[in-house]
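In the numbering used here, each residue carries its 1-based index in the first sequence increased by 12. For every residue, glycine included, the Cβ atom is placed at its ideal position computed from N, Cα and C. Below: the structure, in structure tokens.
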Amino acid sequence: MPELPEVEVVRAGLAPAVAGATVSVVEVLDPRALTRHRGSSDDFEARLTGRTFRAVVRRGKFLWLPLDGGSGEGEAVVGHLGMSGQLLLRGIEAPRERHERVRIVVEHPRHGELAVVFADQRTFGSLAVDALVATADGAAGGWGDDTALVASQAAHIARDPLDAAFVDAAFGQTLARKAVAVKRVLLDQTVVSGIGNIYADEALWAARIHPETPASALSRRGAMRLLAEVRTVLRKALAEGGTSFDAQYVNVNGQAGYFAHSLNAYGRHGSPCPRCGRPIVRLAFTNRSSHLCPACQRRKAIRLPAVIVK
DNA sequence: CATATTTCCTGCCTGC
DNA sequence: TGCAGGCAGGAAATAT
């Protein structure tokens, strides 16, 4: 469930400890953590050992750590936390985490030796050594680095709503030509990245928009209001350290965030809507759920063409 | 081309 | 107490 705020907390925690650090040892404990790496575990270890991390960069829910040197535009370690992935900073003597999959020992010129531990209960997350490619729009690849490069595995992902190079007008135009439910579009990482089920439900609640509203049925003003609410909820969650329900999402020190206390709709079915007091409901949505207030978030009436009935 | 469904995985929770 | 089944869900692959 790490979405943009949670991944940004991890990025910001990792950056000061890892930027400028050199990899001394790589241990792959479970090759399923490398499903997106083109090559063996040995290849991953060999490509990484001895390299120096230049930065920690994030776009949407993707993280990448550019490596110094190399050919062409260079390479990076690209990572996605999936459902339950964690990147933890530990001392080199630290015992194994419960679901530890990869351990990268680095030597930092000021902080000394550290272990970067990738732990992942459900193994939807993964790490890979990946090529860096130029960004399509020439702007910086993401948060945390000024260079106009992006990991190739994240290059097809749209910019996220907190990215300075995100284009609001293009987002509005995309919504206007999509017939599918607006919530689906919010979750489509090729349209806007960083939003998952929690923040989609929260933003739609704040904007008083029913998740099944066809995207194209929103007015331009409605679309921009939704985008503004997306940004507000992402920023608030980031300021509170992200959303943690159990031990699934934690920062690099293993600590939970506080935003779960601020949720208005997600997971609150049966509880009163904080705005109107009527119960929040849960609706089936593909293989997951939508949480909403049916009173505040009215399904927009679809204007049907006139039909002549004999 | 656009949209819908399936797949990957483990741990917790419910109901029998 | 055990165990089956449901559920959680991001994104790529596959199907319609």
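Could you name the residues that DSSP lists as bridge partners for residue i?
| i | result |
| --- | --- |
| T34 | T64 and E119 |
| H303 | R294 |
| L161 | A146 |
| G154 | D157 |
| V354 | Nothing can be reported for residue 354: it is not among the residues displayed for the chain, which extend from 13 to 322. |
| P284 | P291 |
| V114 | V40 and F130 |
| P323 | Since the first residue shown for the chain is 13 and the last is 322, residue 323 is missing from the structure and cannot be characterised. |
For residue i, collect the residues of the same chain with a Cβ closer than 6 Å to its Cβ; drop the 5 residues on either side in sequence, then sort them by chain order.
| i | result |
| --- | --- |
| C305 | C285 and I292 |
| N263 | V21 and G25 |
| F297 | none |
| E18 | G254 and Y261 |
| V242 | P173 and A215 |
At which residues does the beta strand (DSSP E) containing residue i begin and terminate?
| i | result |
| --- | --- |
| W76 | F74 to P78 |
| V141 | S138 to A146 |
| E85 | Element bounds for E85: n/a, residue is neither H nor E. |
| E125 | G124 to D132 |
| V264 | Note, V264: premise wrong, no beta strand (DSSP E); not H, not E. |
| Q98 | G97 to R102 |
| V69 | V69 to R71 |
| L46 | Element bounds for L46: n/a, residue is neither H nor E. |
Starting from residue i, trace the alpha helix (DSSP H) in both directions and tell me its first and last residue.
| i | result |
| --- | --- |
| G234 | R232 to A251 |
| Q185 | D180 to A188 |
| V194 | V194 to L199 |
| G214 | With the sequence shown as reference, residue 214 is identified as Glu, and Gly is not the correct amino acid for it. N209 to A219 is the span of the alpha helix (DSSP H), which, as asked, contains E214. |
So, residue i versus residue j, is the Cβ gap smaller than 8 Å?
| i | j | result |
| --- | --- | --- |
| R71 | D172 | yes |
| G136 | V114 | The question names Gly, yet the displayed sequence has Phe at residue 136. Not closer than 8 Å, so no. |
| V245 | Y211 | yes |
Report the residue from the options whose alpha carbon sits nearest the alpha carbon of residue i.
| i | options | result |
| --- | --- | --- |
| H49 | A31, A143, Q201 and T64 | A143 |
| F328 | A188, A106 and V204 | One cannot answer for residue 328 here, as it falls past the ends of the chain, which runs 13 to 322. |
| R63 | S302, S36 and D54 | S36 |
| P121 | T34, T186 and G94 | T34 |
| K195 | L79, R300, G154 and Q267 | R300 |
| E87 | E39, E15, A163 and A167 | A163 |
| V145 | L161, E214 and A188 | L161 |
| G156 | R189, Q165, A176 and R237 | A176 |
| H281 | Q267, A272, H273 and H303 | H303 |
| F257 | T147, V89 and S96 | S96 |
| A58 | A191, L230, A249 and V38 | V38 |
Can you list, in chain order, the residues of its chain with a C-beta nearer than 8 Å to that of residue i? Leave out the 5 residues immediately preceding and following it.
| i | result |
| --- | --- |
| D158 | A152 |
| A307 | C285, C288 and R290 |
| Q309 | L216, W217, R220, I221, H222 and P223 |
What does a CB cutoff of less than 7 Å around residue i pick up in its chain, not counting 5 residues either side in sequence?
| i | result |
| --- | --- |
| V30 | F65, V68, L77, V118 and V128 |
| L239 | P173, D180 and F183 |
| L100 | E109, V129, A131, V264 and G266 |
Can you determine whether any heavy atom of the ligand ADP sits closer than 7 Å to the C-beta of residue i, and answer yes or no?
| i | result |
| --- | --- |
| R280 | Only the bare structure without any ligand can be found here, which leaves the ligand ADP out of the picture. |
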